[in-house]
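Under the working numbering, think of the first position of the sequence shown as 98, with each following residue one higher. Structure first, commentary second.
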Amino acid sequence: MQKLKLFANFVEPPGDGGFFQLQYRGGLGMAQAFPVHQQGGLSSRQLDRSAATLLDVDTPADAAVLKRHPACPPELQTLDTWDRELGDRIDALMRLVTTPERELIVAGRVGAPVWSYLESQTACRVRMLAEERGMQAAGRDTSGEARTALGFLYREIGPAAFFARLGELGDGMLFDTRVLFAHLGWQPSAQDRFASDLFRSDALAHGELREFTAAARAAPAAARHTARTRAA
Numbered sequence: 098m099q100k101l102k103l104f105a106n107f108v109e110p111p112g113d114g115g116f117f118q119l120q121y122r123g124g125l126g127m128a129q130a131f132p133v134h135q136q137g138g139l140s141s142r143q144l145d146r147s148a149a150t151l152l153d154v155d156t157p158a159d160a161a162v163l164k165r166h167p168a169c170p171p172e173l174q175t176l177d178t179w180d181r182e183l184g185d186r187i188d189a190l191m192r193l194v195t196t197p198e199r200e201l202i203v204a205g206r207v208g209a210p211v212w213s214y215l216e217s218q219t220a221c222r223v224r225m226l227a228e229e230r231g232m233q234a235a236g237r238d239t240s241g242e243a244r245t246a247l248g249f250l251y252r253e254i255g256p257a258a259f260f261a262r263l264g265e266l267g268d269g270m271l272f273d274t275r276v277l278f279a280h281l282g283w284q285p286s287a288q289d290r291f292a293s294d295l296f297r298s299d300a301l302a303h304g305e306l307r308e309f310t311a312a313a314r315a316a317p318a319a320a321r322h323t324a325r326t327r328a329a
């Protein structure tokens with residue numbers, strides 16, 4: 098966790114970031130920040146879209162991608178960002194998005210700007226499944242209300258067949274797994290979530306999450322599954 102906090106400090110927007118500075122400096126997540134604006138009357142404004150304002154560095158995959166950016170500061174490049182677990186998968190995804198005849202699946206809390214970016218800035222085809230935007234802010238992840246089409250499929254056919262079926266839809270996947278976890282009623286600890294992000298099924302005690310992670314690791318398609326879906 099200390100590594101992730103260090104990354105978050107570096108990407109904090111400069112100046113009077115308002116809403117975003119409150120989120121980082123006050124330690125607030127989106128679920129707490131929205132009520133502060135909506136109920137507490139604190140003004141908010143949308144910052145210009147850039148890596149500094151859009152990238153939340155709060156998962157192993159986020160850190161691994163940030164380290165590969167050409168402008169990544171030397172101080173961050175010296176840190177361990179789980180390249181051994183994620184490096185080959187990220188490289189495979191980069192090859193995928195630059196190949197016209199390949200297809201990328203993107204599933205999770207994806208907004209229109211990300212979709213537009215992927216369609217205009219990648220050579221591959223993009224298959225998008227956007228669901229549960231604002232899930233955490235609305236409390237749908239803890240109330241049991243969150244639903245995803247992939248969750249119904251997963252329950253019907255199980256982890257191995259689930260990833261095999263997704264492999265029929267695309268050559269690789271950016272997967273916001275937290276939506277699926279919420280649909281299935283899983284509430285793993287941060288440690289277990291990150292272990293799953295790193296495909297470390299052997300480190301998981303949660304039986305269903307361990308089976309999911311093992312199936313994801315064995316899937317033939319290049320995959321990155323994480324808490325957020327990003328165009329990075």
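All C-beta atoms in this analysis are idealised placements derived from N, C-alpha and C, irrespective of residue type, glycine included.
Classify D177 as helix, strand or coil using the three-state DSSP reduction. The DSSP-derived three-state label of D177 is coil.
Determine which residues share a DSSP beta bridge with R224 and list them. Answer by DSSP bridge pairing, in chain order: I202.
Could you check the C-alpha separation between G184 and P170 for me, to the nearest Å? Going from the Cα of G184 to the Cα of P170 covers about 19 angstroms.
The beta strand (DSSP E) enclosing L277, as first and last residue numbers: In the DSSP assignment, L277 falls outside any beta strand (DSSP E) and lies within the alpha helix (DSSP H) extending over T274 to L281.
Cutting at 8 angstroms between CB atoms, please list the residues of its own chain near E216, excluding the five before and the five after it. Excluding the 5 residues flanking it on each side, E216 has same chain C-beta neighbours closer than 8 angstroms at V223, in chain order.
Can you give me the C-alpha to C-alpha distance between D289 and P256, rounded to a whole angstrom? The C-alpha of P256 is placed about 17 angstroms away from the C-alpha of D289.
7 angstroms Cβ cutoff met for E228 and T239: Taking 7 angstroms as the Cβ cut-off, E228 and T239 do not qualify as a contacting pair.
From the DSSP output, in three-state form, read off G231 for me. Under the three-state reduction of DSSP output, G231 falls in the coil class, being neither helix nor strand.
Sequence-distant residues of its chain with Cβ nearer than 8 angstroms to K164 (five each side left out): The beta carbon of K164 sits closer than 8 angstroms to the beta carbons of L173, Q174, L176, T178 and D180 from its chain, once the five residues preceding and following it are set aside; these are given in chain order.
Beta-carbon proximity of I202 to G304, cut-off 7 angstroms: Not in contact: I202 and G304 (Cβ atoms no closer than 7 angstroms).
Three-way DSSP call (helix, strand, coil) for L144 in this model: In the three-state scheme derived from DSSP, where H, G and I count as helix and E and B as strand, L144 is classed as coil.
So what's P340 in DSSP terms, helix, strand or just coil? For the chain, the structure presents residues 98 to 329; residue 340 sits outside this window and is missing.
Alpha carbon of P317 to alpha carbon of L139, nearest angstrom: Computed Cα separation, rounded: 47 angstroms.
Below 8 angstroms on the Cβ atoms is my contact criterion, and I expect S293 with L301 to pass it. Report the Cβ-Cβ distance as a whole number of Å. Indeed, because the Cβ distance is near 7 angstroms, the residues count as touching under 8 angstroms.
Around the Cβ of D159, are there at least 16 other Cβ atoms within 10 angstroms (buried) or fewer (exposed)? So D159 counts as buried.
Between which residues of its own chain and Y251 is the CB-CB distance below 6 angstroms, once the five residues before and five after are set aside? The beta carbon of Y251 is closer than 6 angstroms to those of F259 in its chain, skipping five residues each way along the sequence.
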